[in-house]
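If you're matching positions, the sequence shown starts at 322 in this note's numbering and goes up one per residue.
For glycine and all other residues, C-beta sits at the position ideal for the given N, C-alpha and C.
Presented below is the structure to which this report refers.
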Amino acid sequence: MVSNAHGELSLAPPAGAVGAAAPQRVLKRWMVVGLRPVFALAGVGTLALLVHKAGPRELGAVLSSAAPWLPWVVLLELGRQCMDGLATRRAYGPGAGRVPWRVLARAQLIGTAVSSMAPAGRAAAEATKAALLSPYMGGGTATAAAATSQAASLAAGGFISFPCALASYLLTGMSLFTMLMLAHGVLLVLLSVGVRACMRAKRPGAWLVCRFSRWALHAEQFKASARCGSLLPWSPMLAFLCSRLFQVAQYGVLTYAVGIDTSLVQAFFAQGLYLCALAVGSLVPGQVGVSDGAFALAAGVLDTTAARAMSVALLGHLVQLLFVLVGALIPLVWRIRAPLPVAPAPACR
């Protein structure tokens, strides 16, 4: 069922399913509400210890000298957001023309804020975008596109991990960093294929229709949309790969800005560090304390001090915070009256 109150969209299960699922939903909600502050406090505490160990004065001096480079990092982040939005559009396939560009841009910025603060951020961002775009494509199609976009993001993160692992090998040999990046790449590609295979399988959709008859139309839309294209969603995946390359350029600029002798190899190594920290700290809002610790541990590999290495992650947090604030303000200052919910036929069957 779709609610369109106040021009915004939310998806809700059928009334008959609410009672049965209520206890589990309440438990999950309390677990999320309880764990999120714990992980956030742990991240902030870790960051405080790292700052104390690296030296607040040295960190302040490094951050001040690197500040003039931040506008370039913000511009690269805008390019990355454009590629992420393009990937979402490509996930809709031939029917993507139903979604206006301004609506997609708004959903992308709101989703970015959600992804930075919520646990399992990418999945939460895709769910947010699906909810905002459902009136234009139908709930089933939007959900299938969100799942396809998630699979494409996983695949892109996996494939970009391989050159990152090569960069790590050139810098450190077959070290723990190299093995983690290789394992990260293989795991993400396998997860991407697994997600798409589950989407295209017949039994889960049939079970959903039998269990919740009111979702039958959405389930049919979902199944038909999920079977469009190949098992690996190449078009959105390539857009996400371009997004990751923008991020590699960001880390190249950041490492240079803090005074590290920067090369393409070091930029890819820094990107690999970020991706591994993202995987480990997915429950920590913004990966605060996790990515900082990863860069501090890799200071020797980057041939620099812990303060300079940590500054790369801290500046990344500042840019991230800017886009979180923008995404949080957008629903207040940029309102779009959503059309009546539609259920168009999928573009291909």
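Is DSSP giving residue i helix, strand or coil here?
{"i": "ILE651", "result": "helix"}
{"i": "PRO392", "result": "helix"}
{"i": "ILE581", "result": "coil"}
{"i": "ILE481", "result": "helix"}
{"i": "SER413", "result": "Checking the sequence, you will find Tyr at residue 413 rather than Ser. It is coil, neither helix nor strand."}
{"i": "MET495", "result": "coil"}
{"i": "ALA518", "result": "helix"}
{"i": "THR469", "result": "helix"}
{"i": "LEU397", "result": "helix"}
{"i": "THR462", "result": "helix"}
{"i": "PRO557", "result": "helix"}
{"i": "THR625", "result": "coil"}
{"i": "SER551", "result": "coil"}
{"i": "ALA619", "result": "coil"}
{"i": "GLY658", "result": "Note that residue 658 corresponds to Arg in the displayed sequence, not to Gly. Coil at ARG658, not helix or strand."}
{"i": "VAL633", "result": "helix"}
For the alpha helix (DSSP H) containing residue i, list its first residue and its last residue.
{"i": "ILE431", "result": "422 to 438"}
{"i": "MET458", "result": "442 to 458"}
{"i": "GLY381", "result": "377 to 387"}
By a C-beta neighbour count over all protein chains shown, 10 Å radius and 16 as the cutoff for buried, is residue i buried or exposed?
{"i": "CYS597", "result": "buried"}
{"i": "LEU511", "result": "exposed"}
{"i": "SER455", "result": "buried"}
{"i": "VAL645", "result": "buried"}
{"i": "ARG565", "result": "buried"}
{"i": "ALA387", "result": "buried"}
{"i": "CYS519", "result": "exposed"}
{"i": "GLN489", "result": "For the sequence presented, residue 489 should be read as Ser rather than Gln. Burial call: buried."}
{"i": "PRO484", "result": "buried"}
{"i": "VAL654", "result": "exposed"}
{"i": "VAL421", "result": "Checking the sequence, you will find Pro at residue 421 rather than Val. Exposed is the call here."}
{"i": "ILE651", "result": "buried"}
{"i": "ARG658", "result": "exposed"}
{"i": "MET502", "result": "buried"}
{"i": "LEU399", "result": "exposed"}
{"i": "PRO557", "result": "buried"}
{"i": "LEU425", "result": "buried"}
{"i": "SER436", "result": "buried"}
{"i": "ARG656", "result": "exposed"}
{"i": "GLY637", "result": "buried"}
{"i": "LEU497", "result": "exposed"}
{"i": "PRO554", "result": "buried"}
Quick check on this structure: which residue in the options has the alpha carbon closest to the alpha carbon of residue i?
{"i": "LEU407", "options": "TRP393, ILE657 and ARG423", "result": "ARG423"}
{"i": "LEU585", "options": "LEU599, PHE567 and ALA600", "result": "PHE567"}
{"i": "MET404", "options": "LEU562, VAL569 and VAL647", "result": "LEU562"}
{"i": "PRO392", "options": "ALA588, ARG658, LEU650 and ALA578", "result": "ALA578"}
{"i": "TYR268", "options": "TYR413, VAL633 and ALA448", "result": "Not covered by the structure: residue 268. The range shown for the chain is 322 to 670."}
{"i": "ALA560", "options": "LEU636, ALA620 and ALA473", "result": "ALA473"}
{"i": "ASP624", "options": "VAL647, LEU492 and ALA649", "result": "LEU492"}
{"i": "LEU635", "options": "VAL647, GLY648, ALA615 and LEU650", "result": "ALA615"}
{"i": "GLY593", "options": "ALA451, VAL394 and ALA477", "result": "ALA477"}
{"i": "LEU396", "options": "LEU575, ALA382 and ARG629", "result": "LEU575"}
{"i": "GLY573", "options": "LEU618, PRO377, SER556 and ALA630", "result": "ALA630"}
{"i": "LEU599", "options": "MET495, PRO557, LEU497 and LEU475", "result": "LEU475"}
{"i": "THR464", "options": "LEU508, ALA486 and TYR413", "result": "TYR413"}
{"i": "VAL394", "options": "GLN641, LEU453 and ILE431", "result": "GLN641"}
{"i": "PHE590", "options": "LEU487, TRP555 and THR462", "result": "LEU487"}
{"i": "PRO479", "options": "ARG419, VAL516, GLY506 and VAL383", "result": "The identity of residue 479 in the sequence shown is Gly, whereas the question assumes Pro. The candidate whose alpha carbon is nearest that of GLY479 is GLY506."}
{"i": "GLY416", "options": "ALA628, GLY459, LEU497 and ALA649", "result": "GLY459"}
{"i": "ALA452", "options": "ALA428, THR433, MET438 and GLN471", "result": "ALA428"}
{"i": "SER513", "options": "ARG401, LEU552, ILE481 and SER496", "result": "LEU552"}
{"i": "LEU430", "options": "ARG419, GLU447 and GLY418", "result": "GLU447"}
{"i": "VAL383", "options": "ILE581, SER496, ARG517 and PRO554", "result": "ILE581"}
{"i": "GLY648", "options": "SER482, LYS450 and LEU509", "result": "LYS450"}
For chain C, is any of its Cβ atoms less than 8 angstroms away from the one on residue i?
{"i": "ARG411", "result": "Looking at the structure shown, chain C is missing, and only one protein chain is on hand."}
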